[in-house]
Structures are given as structure tokens and as C-alpha cells.
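Chains A and B are the protein sequences, given in the same order.
For the first sequence, counting from 1, position 37 maps to 37 in the working numbering; every step adds exactly one.
For the second sequence, counting from 1, position 152 maps to 152 in the working numbering; every step adds exactly one.
Heads up, the beta-carbon is just placed ideally off N, CA and C, and yes, glycines get one too.
Here's the structure we're looking at; comments come further down.
Protein chains: 2
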Amino acid sequence: MNEPAQPPPGQPAIILCEPQLGENVGTAARAMANFGLRDLRLVNPREGWPNDRARAAASGADHVIDAVRVYPSLKEAIADLRFVYATTRREREIGKPVAGPREAAAQMRASAAAGRPSGVIFGRERTGLTNDDISYADEILTLPVDPDFGSLNVAQAVLIVAYEWRIAGIADEAAALPFRSPGDGPAPRAELIRLFEQIEGALEAVNFFRPPEKRPHVVESIRSMLQKAALTEQEVRTLRGVVAALERRPTRPRKLRDGTITTERGKFD
Amino acid sequence: MNEPAQPPPGQPAIILCEPQLGENVGTAARAMANFGLRDLRLVNPREGWPNDRARAAASGADHVIDAVRVYPSLKEAIADLRFVYATTRREREIGKPVAGPREAAAQMRASAAAGRPSGVIFGRERTGLTNDDISYADEILTLPVDPDFGSLNVAQAVLIVAYEWRIAGIADEAAALPFRSPGDGPAPRAELIRLFEQIEGALEAVNFFRPPEKRPHVVESIRSMLQKAALTEQEVRTLRGVVAALERRPTRPRKLRDGTITTERGKFD
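Here it is, written out as C-alpha cells:
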């Protein structure tokens with residue numbers, strides 16, 4: 001993973017998941033630049049990175065191309081974000097809220113105003129996002145295309161999202177209110193993902209996933225519930241303690257009254 | 001001038017003034033089709049018409065390509081319209097009102113409702129519209145691009161205009177989306193409360209609530225997370241299975257392959 005200069009805080013990240021063609025990375029960068037976005041992240045670009053065709057197709061959006069960050073997996077690409085949309089044009093059997101670009105832009109502006117970075121994941125040119133990819137997102141973002149002809153390429157979808165982000169910055173009601181919603185806001189995605197992995201590991205250990213072919217659906221359903229709860233960091237810690245306790249796994253060493261150290265049935269805090 | 005079937009009345013016409021590349025005509029047609037527009041007019045396309053590259057670039061928007069009308073001059077292309085926007089990204093010394101795509105879309109919707117067809121003129125790829133071209137328009141339409149990087153191609157500009165037209169026709173963005181948020185809604189509170197009790201009982205059994213005076217706060221925190229997730233009935237069932245599995249409690253009787261009935265480590269479904 002390379003680490004170029006950080007983009008301005010608050011802007012949504014645009015995450016392209018396994019883009020196949022460098023040219024499409026470039027046209028997406030150009031679309032972003034037009035509406036002032038700069039945080040472009042790539043998960044496993046098929047043609048590798050850096051890519052000359054991407055730069056050429058960016059038509060001068062070199063500041064976006066130069067700041068691209070590349071990640072080996074989607075979960076690493078979103079680790080620092082606190083609210084994530086997955087774009088899809090097909091309805092999925094996943095119980096996630098669905099937003100259009102205008103509602104999503106308003107939500108991401110509010111999130112940014114509260115200091116919580118957000119992002120939008122775009123899928124592969126041919127096949128889009130898998131259900132597993134989508135299971136890492138809080139909500140689904142879809143575009144109001146004609147149901148008889150929905151055929152946007154990735155740069156066009158990025159363009160609409162970036163456009164709505166820019167327009168949404170013009171009047172931010174939340175910033176004008178005398179006080180805000182309580183709360184720390186959602187945990188960094190990395191912590192949520194560790195919780196996913198802990199729960200899935202614990203369930204694996206008790207042979208919960210049977211028959212095995214049902215596993216992906218059950219995993220998606222559990223992740224989806226956890227996403228919906230918009231867990232704070234503290235809540236993620238509490239839940240991890242809950243899972244560890246139910247697993248009857250030692251949590252952390254503690255001293256008993258008689259002075260011995262134990263990790264048995266540790267209290268979590 | 002060819003005369004194909006008339007597009008639906010009321011839709012704005014998209015007029016490309018002397019487009020240089022057939023490919024750009026095609027990508028503009030594709031952008032239109034995504035948001036339900038069909039009235040594409042060309043003024044003196046440099047590569048002539050019909051154009052194979054246009055059709056290829058339209059990615060299936062054949063109904064738009066087939067309905068294209070070609071005119072020898074801009075004034076003929078707009079002759080039947082009653083309100084016309086000219087797009088430009090540079091300020092001109094022309095005393096015309098300037099609108100953004102959202103305001104323009106609202107205006108064109110109102111115009112359509114009054115039976116007055118409108119249209120939007122887009123300029124040449126390299127040089128845009130001349131002041132003379134613009135003199136035929138009622139108002140100027142410009143896009144809210146970043147002043148430091150305004151570089152939309154013609155299909156991208158058409159995309160934004162078509163997108164705003166589509167949204168402007170629907171009071172509620174959600175109604176324009178190809179699919180909605182899932183509609184099961186939250187589970188009856190009784191089921192949620194049973195889940196609370198199951199979790200709290202399971203944690204009691206592993207002495208999770210220590211010191212006891214912390215119990216109320218931890219219980220409230222866990223309930224709060226579960227409330228925030230707005231769990232459906234199915235999700236409550238899944239979670240109850242998860243908790244039962246982690247408790248290593250028998251869930252429900254099932255038949256083994258040898259025919260015996262067991263409740264050991266039952267599969268949850």
C-alpha cells in the first residue's frame with residue numbers, strides 16, 4: 001500500500017473495487033475532480049498501479065491520480081471510514097437500507113460535519129460488487145436510472161455521486177442547528193470488521209454454519225444487523241466482550257482475591 | 001433532415017451542436033437513455049450520420065440512436081421548442097440569466113407541464129458554443145464544477161442534465177430508484193424482549209455481570225445496540241440462534257443420519 005499525501009478531511013472516499021481497466025480509473029478520477037473530490041482508493045486494480053492509461057484518461061486530474069491509494073482488500077480500503085455505501089443497480093437479498101445519491105450526499109455531508117469520514121464503493125465493470133463486498137457496507141446506494149435502460153459505467157456513476165456531494169454542500173441544515181445528535185458516531189470500520197471476524201470465528205468453532213452452502217447468506221445477515229446498529233467504538237468493545245464471554249474464552253488476565261493471576265472467565269470492560 | 005418517430009412530448013430535446021466525434025454522440029445517447037430521455041438532435045455532425053461509432057458507444061441505447069434527427073443549422077434544430085438553454089462553462093459577456101442543472105430541470109418540468117417543449121444545447125468538444133449560438137438561447141445553463149478543474153466532456157454534461165430532469169419529475173427521490181429499502185420493518189417488541197432476556201440469561205450464566213452494580217448499565221447498553229439495529233423478525237430469529245450456538249445449548253431436536261433424535265449442537269435455521 002502506498003501512502004501519498006492525505007486528501008482534505010471530510011470528503012467521501014471513492015473506492016473502486018477491483019477495477020479492470022486503467023482507463024476507467026482515469027475517467028472516474030476526472031469525474032471526481034470536476035466536483036472537487038480527491039480521495040480515490042483502488043482495491044486490487046487488475047492492470048496494476050501506477051497506470052499510464054489511467055493518467056491519460058484523467059484528462060488533467062493529475063492531483064487525483066497522484067493521490068490514489070491501493071489496497072489488497074476491500075476491508076483495508078475502508079478501515080478508517082465510519083459510514084460506507086455500496087453501489088449496485090440490482091436489488092440484493094440483503095436487508096440494508098437503500099438510498100439515492102441525493103439522500104446519500106446529505107448523509108455524507110452530515111457525517112463529515114460531525115468529523116466522521118464516509119465512502120462509496122463502486123464495483124467491477126462487468127460484474128459489480130459481490131454480496132460479500134456489500135456486506136461490509138452500511139447502506140446501499142443506487143441511482144434513479146430508467147428501469148428499462150440502466151447502463152451507467154463506473155465513471156458516470158462516480159460523476160453523479162460527486163455532483164450530488166458538491167451540491168449538498170451548499171446548504172447544510174445540521175451545521176446550523178444549536179445542538180447535535182448525541183453520540184460518538186460509528187466506530188472505524190476496521191473495528192467493526194474485527195467484530196465480524198470474531199463472531200464468525202466463534203460460530204465456526206461451534207459448527208453453526210451448517211450446511212456450509214448457507215454460510216455466506218448467514219454471514220451477510222449477521223453483518224447486516226451489525227451495520228444497521230451503527231455501533232460506536234464503545235459498543236463494539238462491549239459486543240466483543242459479550243461474544244468472548246459466550247465463547248467462554250479467556251478475555252484478559254485478572255487478579256483473584258487470593259492474589260493469583262487468572263484468565264478464566266475474565267470480566268470484560 | 002430525416003424524420004424518425006417523434007419522441008414523447010414534454011421531454012427536453014438534447015441538441016449537440018456540430019459534434020466532432022461519433023463516439024461522443026453515442027456516449028451522450030447512452031447518458032440520456034439512463035435517465036429516460038430520447039430526443040437527441042444533431043447540428044451538422046462532423047463525421048456525418050448515421051455513424052457506426054456512435055451506435056457502438058451508445059452501449060445499447062439504440063432507441064435513442066434510431067430516433068436521432070439531424071439539422072443543417074442550430075436555428076432549425078430548435079425551431080419547434082419554446083424554451084432553450086445553452087450550456088457553457090465560461091462566463092460570457094451576454095446578458096442572459098444563468099441557471100444550474102437543478103433549477104433548469106425544474107423550469108423545464110414546469111414548461112413541459114404547460115405544454116411547452118424545451119431543449120438544451122451542448123457545444124463542440126473543443127470549442128464549445130459561440131456567442132452567436134448562445135444568442136439563440138433563452139438562458140445559460142452551467143454546471144457547478146470545481147472552478148479549479150472544470151473539464152466535463154459532452155456526455156458527462158448531458159448525464160447531469162438528464163439526471164436532474166429525471167429527479168425533478170419525482171417529488172420523492174426514493175420513488176425514482178429501481179428498488180427500495182427492504183420493507184419487513186422491525187420485529188414485534190415481544191420478540192425483541194425475548195432476545196434481550198435470552199442474551200442476558202446467557203451472560204448471567206457465564207458471570208459476565210461483575211461487579212453486579214455495573215449490571216444495569218451494561219444491560220442498557222446491550223439493549224440499546226439491539227434497538228438501534230431495528231431488527232426484523234427474521235433477524236431476531238437468527239440472533240437467537242447465534243446466542244444459543246455460542247452458549248452451546250441444544251437448540252431444537254433434529255434427526256441424525258442413523259435415525260436417532262438429538263438436541264446436541266443443533267443447527268439453527
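Residue-level contact by beta carbon fails for S111(A) and chain B, as no gap is shorter than 8 angstroms. Taking the Cβ atoms as the reference, V120(B) lies roughly 6 angstroms from P12(B), within the contact range of under 8 angstroms. Annotation: S73(A) to L192(A) spans about 15 angstroms, alpha carbon to alpha carbon.
For Y163(B), the enclosing alpha helix (DSSP H) covers residues 154 to 168.
Cβ contact annotation for M225(B) (same chain, cutoff 7 angstroms, sequence separation greater than five): none. From the beta-carbon of G36(B), the residues of chain A found nearer than 9 angstroms are V145, D146, D148, F149. Residues of the segment 191 to 209 of chain A with a C-beta atom less than 8 angstroms from some C-beta of chain B are I199, A202, L203, V206, N207, F208, listed in chain order.
Interface residue (Cβ-Cβ distance to chain A less than 8 angstroms): K75(B) is not classified as such. Pairing K228(A) with T142(B), the inter-Cα distance amounts to about 39 angstroms. For the pair of segments examined, the segment 236 to 244 of chain B was found to touch the segment 193 to 202 of chain B: the number of CB pairs separated by less than 8 angstroms reaches three. Cβ-Cβ separation between R124(B) and C17(B): approximately 6 angstroms, consistent with a contact (criterion under 8 angstroms). In this structure, L37(A) is the residue among V98(A), F83(A), L37(A), R116(A) with its C-alpha nearest to the C-alpha of D62(A). Along the segment 210 to 221 of chain A, going in chain order, the ones with a CB nearer than 9 angstroms to a CB of chain B are R210, P211, K214, V218, S221. CA-to-CA, the gap between D52(A) and T238(A) works out to about 47 angstroms. Distance from V98(B) to I140(B) at the Cβ level is roughly 5 angstroms; contact confirmed, criterion being Cβ atoms closer than 8 angstroms. Beta-bridge pairing by DSSP links Y71(A) to V43(A).
Within a 10 Å sphere around the beta-carbon of K214(A) sit fewer than 16 other beta-carbons, which makes this residue exposed. When DSSP states are grouped into helix, strand and coil, A99(B) belongs to the strand group. At a beta-carbon threshold of 8 angstroms, none of the residues of chain B lie near A187(A); the nearest stands roughly 11 angstroms away. Against chain B, the CB of M225(A) has a partner CB under 8 angstroms away; the residue lies at that interface. Contact of K96(B) with chain A by beta-carbon distance below 9 angstroms is absent, the smallest such distance being about 22 angstroms. The Cβ-Cβ distance between Q156(B) and A31(A) falls below 8 angstroms. Assignment of A245(B) by DSSP, reduced to helix, strand and coil, places it in the helix class. One Cα belongs to E164(A), the other to P101(A), and the distance between them is close to 6 angstroms. In this model, A105(B) and P147(A) are separated by some 20 angstroms (Cα to Cα).
Using a 10 angstroms sphere on the CB of E204(A), the tally of other CB atoms stays under 16, which defines it as exposed.
Excluding its 5 nearest sequence neighbours in each direction, S111(A) has C-beta neighbours in its own chain below 6 angstroms: F83, S118, listed in chain order. At a beta-carbon threshold of 7 angstroms, the residues of chain A lying near E247(B) are L246, ordered along the chain. Across the set V161(A), A67(A), G26(A), S135(A), the C-alpha of S135(A) shows the shortest separation from the C-alpha of R223(A). CA-CA distance, R166(B) to A176(B), rounds to 8 angstroms. Under the Cβ criterion of 8 angstroms, Y163(B) is counted among the residues facing chain A. C-alpha of V206(B) to C-alpha of G115(A): approximately 38 angstroms in a straight line. For V236(B), same chain residues with a beta-carbon under 7 angstroms away, outside a window of 5 residues either side, are A187, E191, L192, L195 in chain order. The DSSP-derived three-state label of G22(A) is helix.
If you compare the alpha carbons of N131(A), Y71(A), R55(A), F122(A) with that of V219(A), the shortest gap goes to N131(A). L192(B): member of the alpha helix (DSSP H) spanning 189 to 205, first to last residue.
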